[in-house]
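Let me begin by presenting the structure, written as structure tokens, before commenting on it.
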Amino acid sequence: MDLLKRLQAELAASTDRILSTAAGFSDADVAAPSRLPGWTRGHLLTHLARHADSILNLAEWARTGVETPQYVDARSRDADIEAGAPRPAKEQLADLEESSARLAAAFRDLPEQAWSAVVCGTRPLEHPAWYLLVRRLRETEVHHADLGAGYTCSDWPEPFVRRELHDALVCWPREQSPVSEVVVEETIDDYLHHQVWRDLGSGPVVQGDPWALLGWITGRTRGGGLRVMAEGSTGNQPAAGPVPAPPPWPGLSAPPGLPQTPPEEYP
Numbered sequence: 092m093d094l095l096k097r098l099q100a101e102l103a104a105s106t107d108r109i110l111s112t113a114a115g116f117s118d119a120d121v122a123a124p125s126r127l128p129g130w131t132r133g134h135l136l137t138h139l140a141r142h143a144d145s146i147l148n149l150a151e152w153a154r155t156g157v158e159t160p161q162y163v164d165a166r167s168r169d170a171d172i173e174a175g176a177p178r179p180a181k182e183q184l185a186d187l188e189e190s191s192a193r194l195a196a197a198f199r200d201l202p203e204q205a206w207s208a209v210v211c212g213t214r215p216l217e218h219p220a221w222y223l224l225v226r227r228l229r230e231t232e233v234h235h236a237d238l239g240a241g242y243t244c245s246d247w248p249e250p251f252v253r254r255e256l257h258d259a260l261v262c263w264p265r266e267q268s269p270v271s272e273v274v275v276e277e278t279i280d281d282y283l284h285h286q287v288w289r290d291l292g293s294g295p296v297v298q299g300d301p302w303a304l305l306g307w308i309t310g311r312t313r314g315g316g317l318r319v320m321a322e323g324s325t326g327n328q329p330a331a332g333p334v335p336a337p338p339p340w341p342g343l344s345a346p347p348g349l350p351q352t353p354p355e356e357y358p
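This note's numbering numbers the first residue of the sequence shown as 92 and each following residue consecutively.
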């Protein structure tokens with residue numbers, strides 16, 4: 092069960108960071124545009140609060156065995172976000188604090204066996220309840236960067252980046268892929284290591300460090316810091332053109348084949 096404790100600790104720290112950012116907002120700051128087209132920061136903060144409530148619904152499903160949808164429906168979800176977006180900064184902060192605290196308490200109180208219960212979110216793919224922690228972390232970290240308030244992709248914690256990059260590549264939409272391979276480069280103990288994800292589709296090879304790759308895959312950057320190599324090239328070959336636009340990010344999905352019982356490590 093160590094994984095559950097680590098993920099809850101990550102989530103607590105991530106929540107504290109985004110609450111700290113939100114606490115510094117004025118009413119004008121909240122009304123200003125976010126980095127998501129068509130959404131103000133108020134939209135994002137409201138979405139994060141209602142998302143916490145929606146994950147709480149799934150935690151209740153896991154605890155009780157009574158099927159509870161994440162949201163009533165897409166229309167009511169969108170309406171709640173629109174209704175909450177214009178609220179002043181103080182109300183936004185209080186809502187996010189309270190909804191996050193409710194979710195954290197539910198996670199703390201979830202019985203051991205409930206973490207292995209199978210639930211289903213807004214997309215049809217089912218997953219074990221322990222993956223709810225991963226999904227909530229995804230929302231807090233990615234949308235913290237979307238607020239456009241000084242927190243960027245380069246600030247994402249290493250465990251988050253490793254996990255999300257793994258899940259994004261496992262779920263890679265090959266039929267829409269503009270690349271054939273993704274090469275993850277990391278310097279470990281002064282040595283450059285490469286992890287190669289092959290057979291992703293057709294096109295060039297994109298390579299770079301985990302932060303640059305995840306920022307590109309999630310659509311939060313245009314691929315700064317990445318290199319594009321011709322398909323089948325090896326070594327330090329000349330660049331094969333600009334970084335292509337990534338395929339649609341499957342950010343709401345859970346990877347197939349997740350272990351039902353919380354594993355010791357993930358990924």
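Beta carbons: idealized from backbone N, C-alpha and C, even for Gly.
- Comparing alpha carbon positions, the residue from Leu102, Ala140, Trp263, Ala123 closest to Gly342 is Trp263.
- Counting the other Cβ atoms within 10 Å of the Cβ of His284 gives fewer than 16, which makes it exposed.
- Three or more beta-carbon pairs separated by less than 8 Å are not found between the segment 100-119 and the segment 151-164, which leaves the two stretches without contact.
- Shown here, Gln286 sits in a strand according to DSSP, grouped into three states.
- Of the candidates Ser105, Asp186, Gly332, Val297, Ser105 places its Cα closest to the Cα of Tyr242.
- Distance from the CA atom of Gly239 to the CA atom of Ala122, rounded to whole angstroms, is 13 Å.
- For Val233, the enclosing alpha helix (DSSP H) stretches over residues 222-237.
- The alpha-carbon of Pro202 is positioned some 33 Å away from that of Ala236.
- For Pro250, the enclosing alpha helix (DSSP H) starts and ends at 249-261.
- Distances from the alpha-carbon of Trp340 to those of Glu272, Pro353, Gln351, Leu260 put Leu260 closest.
- Nearest Cα to Gly315 within the set Ser344, His134, Ala321, Trp302: Trp302.
- Contact check for Pro269 against Gly299 fails: the beta carbons are separated by 8 Å or more.
- Annotation note: the segment 117-177 contains the following uninterrupted alpha helix (DSSP H) runs of length 4 or greater, listed N- to C-terminal: 118-122, 132-155, 165-175.
- Per DSSP, reduced to three states, the secondary structure at Glu355 is coil, with no helix or strand assignment.
- Restricting attention to Ala220, Pro337, Glu272, the CA atom closest to the CA of Ala321 is found in Glu272.
- Counting of Cβ neighbours within 10 angstroms places Ser344 among the buried residues, the total reaching 16 or more.
- The beta-bridge partner set that DSSP reports for Arg318 consists of Gln298.
- Within the DSSP bridge table, the entry for Glu272 names Val296 as partners.
- Using a 10 angstroms sphere on the CB of Arg227, the tally of other CB atoms reaches 16 or more, which defines it as buried.
- Thr112 sits in a helix when the DSSP states are folded into three classes.
- DSSP, read as helix, strand or coil, puts Thr106 in helix.
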